[in-house]
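> Note that the protein sequences, when read in sequence, are chains S and G.
Everything in the first sequence is counted per this note's numbering, starting at 20 for the first residue and increasing by one.
Everything in the second sequence is counted per this note's numbering, starting at 219 for the first residue and increasing by one.
A virtual CB, placed ideally from N, CA and C, is assigned to each residue, including glycine.
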Amino acid sequence: MRELIQPVLTIAGKDIRDALKDRFILLMTAFLLVASLVALTVAAIALKADVATYIEAKAGLIALGKDAASIPDPAFYPLKLLRGFVEHVEIIGAIIGILIGYRAAASERGRQTLALIVTRPIAQWQFLAGKVLAGTAIISAGLIIAFIVAGIAVTVISGVALSVDDIGRLAIVMSAAGLYAVAFFLLGFVCALWARKLPNALLLAFTVWLSFVLIAPQIGDTLDPDNQVAGGVFKQLQIAKPQQIEILQSFSTYETIRNGIEVASPTKHFERLSFAVLGIKDTYAGQPLMPILAEKSSDLVWLLAIALALSLLLFVRRLDPNRLSKE
Amino acid sequence: MSTFVVQTSHLTKRYGDHIAVKDLSLNVEKGEVFGFLGHNGAGKTTTIHMLTTLLKPTSGTALVCGKSITTDSLEARRHIGYVPENVRLYDTMSARSNLRFFAKLSGVEDADRRIDETLEFLDCRDLAPRLVGSFSKGLRQRIGLAQAILHRPDVLFLDEPTSGLDPMGIKTLRDLIVRLNREFRTTIFMNTHLISEISRTCTSIGVLNQGELVFRDTIEKVTARYGSESSLEELYLSVTPVQTQGAA
Numbered sequence: 020m021r022e023l024i025q026p027v028l029t030i031a032g033k034d035i036r037d038a039l040k041d042r043f044i045l046l047m048t049a050f051l052l053v054a055s056l057v058a059l060t061v062a063a064i065a066l067k068a069d070v071a072t073y074i075e076a077k078a079g080l081i082a083l084g085k086d087a088a089s090i091p092d093p094a095f096y097p098l099k100l101l102r103g104f105v106e107h108v109e110i111i112g113a114i115i116g117i118l119i120g121y122r123a124a125a126s127e128r129g130r131q132t133l134a135l136i137v138t139r140p141i142a143q144w145q146f147l148a149g150k151v152l153a154g155t156a157i158i159s160a161g162l163i164i165a166f167i168v169a170g171i172a173v174t175v176i177s178g179v180a181l182s183v184d185d186i187g188r189l190a191i192v193m194s195a196a197g198l199y200a201v202a203f204f205l206l207g208f209v210c211a212l213w214a215r216k217l218p219n220a221l222l223l224a225f226t227v228w229l230s231f232v233l234i235a236p237q238i239g240d241t242l243d244p245d246n247q248v249a250g251g252v253f254k255q256l257q258i259a260k261p262q263q264i265e266i267l268q269s270f271s272t273y274e275t276i277r278n279g280i281e282v283a284s285p286t287k288h289f290e291r292l293s294f295a296v297l298g299i300k301d302t303y304a305g306q307p308l309m310p311i312l313a314e315k316s317s318d319l320v321w322l323l324a325i326a327l328a329l330s331l332l333l334f335v336r337r338l339d340p341n342r343l344s345k346e
Numbered sequence: 219m220s221t222f223v224v225q226t227s228h229l230t231k232r233y234g235d236h237i238a239v240k241d242l243s244l245n246v247e248k249g250e251v252f253g254f255l256g257h258n259g260a261g262k263t264t265t266i267h268m269l270t271t272l273l274k275p276t277s278g279t280a281l282v283c284g285k286s287i288t289t290d291s292l293e294a295r296r297h298i299g300y301v302p303e304n305v306r307l308y309d310t311m312s313a314r315s316n317l318r319f320f321a322k323l324s325g326v327e328d329a330d331r332r333i334d335e336t337l338e339f340l341d342c343r344d345l346a347p348r349l350v351g352s353f354s355k356g357l358r359q360r361i362g363l364a365q366a367i368l369h370r371p372d373v374l375f376l377d378e379p380t381s382g383l384d385p386m387g388i389k390t391l392r393d394l395i396v397r398l399n400r401e402f403r404t405t406i407f408m409n410t411h412l413i414s415e416i417s418r419t420c421t422s423i424g425v426l427n428q429g430e431l432v433f434r435d436t437i438e439k440v441t442a443r444y445g446s447e448s449s450l451e452e453l454y455l456s457v458t459p460v461q462t463q464g465a466a
């Protein structure tokens, strides 16, 4: 057993040390942190304005003679502040995943070391597993730091300590983010390992990123009838959920196509799951975790299936020696 | 028991309609320094890629130390050391870290002691703590050679080992190859297109032309028959007629 695992750990260890010296990856991770903190600050400013409005309204009602105890306290969900953070993870997290994956193969090809490694007495799967393990570890470490910083920032900004339930929700979203970023890592790795020329690999990976991270969810959102009015058509017209479902049945073909475009995007699956678990989407705010997880399990399964499909693609194909060097 | 370290039989590699290596049947004996000579694109690197298990042959068989490169490739690799052309290694790591990495992958026990011995043998122990990125091409090639012999392979494959080196670097590397062969009895399989390299380093020669082996003999016999290095050049040109007439 030790003989099987040792080469995997050797390759992973080398890759992790190597990535920690890569300034570009460190810079991108720092950018994710800064962008997330900015998003949280913006959300906090908006929240502060809402709180000020509430206090002003409450004072007005009391001045009009209303009993203070009869005015309900506002519902406050600190995790809702993480909307911008989740959106940054969707976009920048995917880019970081692609770059780490690309780097895992491109750095070896550029130095001609890939040929040296695969002529050692190790199996191809051990080499690939080492690379995937390193990529997963690097991505996980980055996400753990980002989520801890985000959690602390939410606590500091909102002045409300996160409950155990909140921390559990953050951990679930962090795991989903890990799966999501690892899928993009695999994409970058596969492209850089198989492309005839390395720049083509990056081009291909970013074309996929553009299509599935930006374009598909955007098309899905734009075509959503509920998004045609700010705040949602149904909400503005005060149409209840059962009626909403009834109305949408008339557009079932349209909705199938629209939803099909959306679900083609792993980003959308990650977003649906995260927004529901963190209560960012109003429907789920304050709802218990388990029913949400049960409802959104298909999104988690999709993310898992995408990562598994890319892994399968990676592990079944034999490495081509003509792709072992830069050109 | 066979004394052949490399045995190929009708080894062929095709890329679509193009035949890179055609029907190659070749034996290299233990302790030989075999020079594989040919023009650029003759199929030398493809042959080395097949023998180092990087590339699957289209047909034919090849054994390295009695192990099939296709059905027993993992075992075959235990006997192989490989230095590709222009090896760069990991720039941001020291020579020792680079070598430790490859030693671990090769399953070398007590890696640090073996690294010291190997660097001592290559007269470059002082390079161990330095970053490989700061090395000249010659020094890099020497560390490339070190990684290939850490596990004391039976056969060392070198692809154009002196390519791009200055005359001093070429001489140093040639001397090391000869010493390696003498002291460790390592069989050397060396690709080159330099006749001077063959005449000064090798004990036997094979000439590949357009994927086909067109000449194979010991340097001793060739020298006895043809005399000087310039005659070796004439021999080479005479067995590779198509390319000498300007064909690619």
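Let's test the definition: count the other Cβ atoms within 10 Å of the Cβ of Lys362(S) and tell me whether it reaches 16, buried, or not, exposed.
With chain S covering 20 to 346 only, the question about residue 362(S) has no answer from this structure.
> Where do the ends of the alpha helix (DSSP H) carrying Leu98(S) lie?
It is not in any alpha helix (DSSP H) - Leu98(S) carries neither H nor E in the DSSP assignment.
> Between Ala211(S) and Leu217(S), how many whole angstroms is the CB-CB distance? I'm expecting something under 8 angstroms.
Ala211(S) to Leu217(S), Cβ: 6 angstroms. Contact.
> For Tyr199(S) and Ala113(S), I'd like the C-alpha separation in whole angstroms.
If I take the Cα positions, the gap works out to 7 angstroms.
> Which residues bound the alpha helix (DSSP H) around Asn427(G)?
No alpha helix (DSSP H) holds Asn427(G); the beta strand (DSSP E) holding it covers Ser422 to Asn427.
> Rounded to whole angstroms, what's the CA-CA distance from Lys254(S) to Val168(S)? Just pull it up for me.
Spanning the two alpha carbons is a distance of roughly 34 angstroms.
> Leu233(S) to Thr286(S), Cα distance in whole Å?
For Leu233(S) and Thr286(S), the distance between alpha carbons rounds to 8 angstroms.
> For the alpha helix (DSSP H) that contains Lys262(G), what are its first and last residues?
Looking at the DSSP string, the run of the alpha helix (DSSP H) that includes Lys262(G) is Lys262 to Leu269.
> Just to confirm before moving on: does the CB-CB distance between Gln145(S) and Pro26(S) stay below 7 angstroms?
Yes.
> Are the beta-carbon atoms of Thr405(G) and Lys248(G) separated by less than 7 angstroms?
In this structure, Lys248(G) lies closer than 7 angstroms to Thr405(G) by Cβ.
> Under DSSP, the alpha helix (DSSP H) around Met20(S) begins and ends at which residues?
Neither: Met20(S) is in no alpha helix (DSSP H) and is coded neither H nor E.
> If you reduce the DSSP assignment to three classes, tell me which class Gln461(G) lands in.
Caution is warranted here: a pLDDT of 49 is assigned to Gln461(G), below 50, making its placement in the model unreliable, and no coordinate value can be reported.
> Using a C-beta to C-beta distance shorter than 9 angstroms, which residues of chain G count as neighbours of Leu135(S)?
Neighbours of Leu135(S) on chain G, chain order: Tyr300, Val301, Pro302, Val305, Leu307, Phe320, Leu323, Gly362, Gln365 and Ala366.
> With burial defined as no fewer than 16 other Cβ atoms inside 10 Å of the residue's Cβ, what is the status of Phe294(S): buried or exposed?
The residue is buried, with at least 16 neighbouring Cβ atoms inside 10 Å.
> Cα separation between Glu401(G) and Asp393(G)?
Their Cα atoms are separated by approximately 12 angstroms.
> Once DSSP output is grouped into helix, strand and coil, what is the label at Tyr513(G)?
In the structure displayed, chain G extends from 219 to 466; residue 513(G) sits before or after that span and is not available.
> Please determine if the segment 402 to 421 of chain G and the segment 250 to 266 of chain G are in contact, where contact requires at least 3 C-beta pairs separated by less than 8 angstroms.
Output reads yes: the segment 250 to 266 of chain G touches the segment 402 to 421 of chain G.
> So the candidates are Pro307(S), Val296(S) and Asp243(S); which of them puts its Cα closest to the Cα of Gly279(S)?
The option with the nearest alpha carbon to Gly279(S) is Asp243(S).
> Quick check: Asp235(S) and Ala283(S), are their CB atoms within less than 7 angstroms of each other?
It should be pointed out that residue 235(S) corresponds to Ala in this sequence rather than to Asp. Yes; because the gap between Cβ atoms is below 7 angstroms, this pair is in contact.
> Is DSSP giving Lys287(S) helix, strand or coil here?
Three-state result, Lys287(S): helix.
> Identify every residue that forms a DSSP beta bridge with Ala280(G).
Looking at the DSSP assignment, Ala280(G) forms a beta bridge with Thr226(G).
> Extract the residue ranges of the alpha helix (DSSP H) inside the segment 289 to 344 of chain S, only unbroken runs of 4 or more that lie entirely within it.
Complete alpha helix (DSSP H) runs here, min 4: 308 to 335.
> Under a three-way DSSP split, which group does Ser286(G) fall into?
If DSSP states are grouped into helix, strand and coil, Ser286(G) belongs with the strands.
> Which word fits Gln262(S), buried or exposed, when buried means at least 16 other C-beta atoms lie within 10 angstroms of its C-beta?
Exposed: under 16 other Cβ atoms inside 10 Å.
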